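Going by this note's numbering, the first residue of the sequence shown is number 85, and it counts up by one from there.
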Amino acid sequence: MHDKNMIDELATLLRNVAKKAGGPGVAIRFGWLRDVLDGSEILARRVLIAAGYVPYRDGEWHHGNGLQKLARLTYPEAMADTMTDILDDHETS
Numbered sequence: 085m086h087d088k089n090m091i092d093e094l095a096t097l098l099r100n101v102a103k104k105a106g107g108p109g110v111a112i113r114f115g116w117l118r119d120v121l122d123g124s125e126i127l128a129r130r131v132l133i134a135a136g137y138v139p140y141r142d143g144e145w146h147h148g149n150g151l152q153k154l155a156r157l158t159y160p161e162a163m164a165d166t167m168t169d170i171l172d173d174h175e176t177s
């Protein structure tokens, strides 16, 4: 089972990107997030839903209109590192 606090922390990162995107919204590739979250499709879905994203098409989830890609709003590698740190923190607690 995935810890609710961990899901909330991960979802906050995605909500912050959505806020930065504003009206045009943001699109995130499901496969990217799944891979970042240790290959867990269940955790990726729970985080996306908690962050207010909805499934779209071609493996994307959107917040708002989904017109902007993640890489235009943040550094995906840095976000992935932060998410990995969150996962590690919750595994050791």
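Here a beta-carbon is modelled for each residue, glycine too, at the ideal position from N, C-alpha and C.
Keep in mind the model is a prediction, meaning the values are calculated, not measured.
Task: Reduced DSSP secondary structure (H/G/I, E/B, other) of A162 - done: By one-based count along the sequence shown, residue 162 stands at place 78. Looking at A162 - three-state DSSP - the assignment turns out to be helix.
- [ ] List the whole-angstrom C-beta distance separating A95 from A134, where the pair is believed to meet the contact cut-off of C-beta under 8 Å.
- [x] In the sequence shown, residue 95 corresponds to position 11, counting from 1. In the sequence shown, residue 134 corresponds to position 50, counting from 1. That belief holds up - the Cβ atoms of A95 and A134 are roughly 4 Å apart, short of 8 Å.
TODO: Pull up the DSSP beta-bridge partners for A111, would you.
DONE: As a position in the sequence shown, residue 111 is number 27, starting the count at 1. In DSSP, A111 forms a bridge with H146, K153.
- [ ] Return the residue from the list H174, G107, E93, D173 that minimises the CA-CA distance to R130.
- [x] Taking the sequence shown and counting its residues from 1, the one referred to as residue 130 is at position 46. Nearest C-alpha to R130: E93.
Open item on the list: With DSSP as the reference, identify every bridge partner of V138, one or two as the case may be.
Closed with: Within the sequence shown, residue 138 is the residue found at index 54, counting from 1. According to DSSP, which records beta bridges pairwise, V138 is partnered with H146.
TODO: Would you kindly work out how many angstroms separate the C-alpha atoms of P160 and L98, rounded to a whole number?
DONE: For the purposes of this step, residue 160 is taken as the residue at position 76 of the sequence shown. For the purposes of this step, residue 98 is taken as the residue at position 14 of the sequence shown. Rounded to whole angstroms, P160 to L98 spans 11 Å at the Cα level.
- [ ] Can you give me the start and stop residues for the alpha helix (DSSP H) that D92 sits inside?
- [x] Numbered from 1 along the sequence shown, position 8 holds the residue referred to as residue 92. From DSSP, the alpha helix (DSSP H) with D92 extends over 88 to 105.
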